[in-house]
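Trainee: Under the numbering used here, the letters of the sequence shown match residues 43 to 248, in that order.
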Amino acid sequence: MLRLIFFGPPGAGKGTQAERVAKDRRIAHISTGDMLRAELRGATPLGLAAKAYMDRGELVPDDVIIGMVKERIAKPDCQNGYLFDGFPRTVAQADALLAITPIDRVINIDVPFERLVARISGRRMCDSCGAAYHVSTYDKGDCRCGGQLYHRDDDRPETVENRLRVYEQSTAPLVAYFADKGLLATVNGDARINEVEAEIAGILPA
Ligand code: AP5
Ligand code: MG
Numbered sequence: 043m044l045r046l047i048f049f050g051p052p053g054a055g056k057g058t059q060a061e062r063v064a065k066d067r068r069i070a071h072i073s074t075g076d077m078l079r080a081e082l083r084g085a086t087p088l089g090l091a092a093k094a095y096m097d098r099g100e101l102v103p104d105d106v107i108i109g110m111v112k113e114r115i116a117k118p119d120c121q122n123g124y125l126f127d128g129f130p131r132t133v134a135q136a137d138a139l140l141a142i143t144p145i146d147r148v149i150n151i152d153v154p155f156e157r158l159v160a161r162i163s164g165r166r167m168c169d170s171c172g173a174a175y176h177v178s179t180y181d182k183g184d185c186r187c188g189g190q191l192y193h194r195d196d197d198r199p200e201t202v203e204n205r206l207r208v209y210e211q212s213t214a215p216l217v218a219y220f221a222d223k224g225l226l227a228t229v230n231g232d233a234r235i236n237e238v239e240a241e242i243a244g245i246l247p248a
């Protein structure tokens with residue numbers, strides 16, 4: 043059983059790295075952002091309620107997110123463990139999570155703020171598997187899985203600025219929170235994708 047959190051600001055590479063590690067370690071990749079976008083595509087009440095927050099770059103209320111995660115980790119594909127990507131984002135979410143499951147390690151992906159905007163503005167996401175690409179290295183219209191690539195609505199410059207502000211205000215305090223609990227390991231996210239992956243692999247429990 044392996045229970046991980048991939049932590050970092052918008053554009054740090056949480057999703058990129060989480061996808062690789064989850065596949066390699068055969069654990070569930072739980073991205074609250076991907077889950078919300080799937081709800082939105084399905085036009086569910088939860089998705090429609092979340093849209094207004096996401097479009098502004100604000101956090102979706104804690105009770106909605108915590109309820110969604112509790113339901114998710116009860117599913118059979120979580121028996122081997124799970125990797126959270128983009129959750130928790132507030133102290134209330136972290137407290138709620140640690141009350142329902144122990145966590146083995148929090149990987150903090152550290153990238154200088156000035157790099158994040160360029161990464162996010164050039165990102166294209168797959169509408170089927172959620173994989174992230176960057177236009178500087180891949181500009182075909184299709185994902186390797188066959189899905190279509192799209193530009194996320196909340197990747198507009200004005201929304202990105204607010205997402206970074208919200209990260210600083212509400213989420214960054216969790217760095218100290220997890221360090222205090224002895225769970226935090228920080229990796230240099232300002233390196234090639236494979237190099238970041240190797241640094242993470244060296245830190246994770248066997
Ligand atoms: P969410 O989907 O979680 O977005 P985010 O945290 O803003 O993070 P991103 O997905 O933008 O970045 P990432 O770190 O995954 O980077 P990626 O790997 O794609 O959340 C969206 C919204 O949903 C929130 O604003 C909020 O409204 C809501 N929400 C979600 N969870 C919530 C929660 N827990 N509580 C409340 N609200 C919640 O990489 C980015 C780009 O960089 C890509 O183009 C990629 O190809 C490229 N890249 C990756 N690694 C590298 C590298 N090493 N070198 C160069 N380029 C790289
Ligand atoms: Mg992501």
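We put the CB at the ideal spot given by N, CA and C, even for glycine.
Nothing here was measured: the structure is a model prediction, and the numbers come from that model.
Using DSSP with H/G/I as helix, E/B as strand and the rest coil, what is Gly57?
Mentor: Gly57 falls in the helix class under three-state DSSP.
Trainee: Relative to the C-alpha of Gly206, which residue among Gly99, Lys112, Leu226 is closest?
Mentor: Note that residue 206 corresponds to Leu in the displayed sequence, not to Gly. Checked all of Gly99, Lys112, Leu226; the closest Cα to Leu206 is Gly99.
Trainee: On the DSSP letters alone, give me the boundaries of the beta strand (DSSP E) that Leu226 sits inside.
Mentor: 226-230
Trainee: Using beta-carbon positions only, say whether Ile242 and Ile145 come within less than 9 Å of one another.
Mentor: Not in contact: Ile242 and Ile145 (Cβ atoms no closer than 9 Å).
Trainee: If Gly172 and Gly55 are in contact, beta carbons under 8 Å, what's the gap, nearest whole angstrom?
Mentor: Taking 8 Å as the upper bound for CB-CB distance, Gly172 and Gly55 are not in contact here, some 14 Å apart.
Trainee: State buried or exposed for Cys187, treating a residue as buried only when at least 16 other CB atoms are found within 10 Å of its CB.
Mentor: exposed
Trainee: Specify the secondary structure class of Leu140 as computed by DSSP and reduced to three states.
Mentor: Reduced to three states, the DSSP call for Leu140 is helix.
Trainee: Where does Tyr180 land, buried or exposed, given buried means 16+ other C-beta within 10 angstroms?
Mentor: exposed
Trainee: For Thr213, which option in Lys93, Gly123, Arg67, Val102 has the closest C-alpha, if you only look at C-alpha atoms?
Mentor: Val102
Trainee: Does the Cβ of Gly57 lie closer than 8 Å to at least one heavy atom of the ligand MG?
Mentor: yes
Trainee: With DSSP as the reference, label Ser212 as helix, strand or coil.
Mentor: helix
Trainee: Return the residue from the list Pro52, Pro51, Gly53, Ile72 that minimises the CA-CA distance to Glu61.
Mentor: Ile72
Trainee: So which of Thr86, Gln135, Asp97, Asn122 has the shortest CA-CA distance to Leu216?
Mentor: Gln135
Trainee: Pick helix, strand or coil for Phe155, following the three-state DSSP scheme.
Mentor: helix
Trainee: Which residue comes first and which comes last in the beta strand (DSSP E) that contains Leu46?
Mentor: 44-49
Trainee: Going by DSSP, what residue range makes up the alpha helix (DSSP H) through Ile242?
Mentor: 235-245
Trainee: Under the rule that 16 or more other beta-carbon atoms within 10 Å means buried, what is Phe155, buried or exposed?
Mentor: exposed
Trainee: Can you determine whether any heavy atom of the ligand ADP sits closer than 8 Å to the C-beta of Ser73, and answer yes or no?
Mentor: Only the ligand AP5 and the ligand MG can be found as ligands here, which leaves the ligand ADP out of the picture.
Trainee: Of all the options Glu239, Asp119, Tyr95, Asp104, which has the alpha carbon lying nearest to the alpha carbon of Thr201?
Mentor: The shortest C-alpha separation from Thr201 is found at Tyr95.
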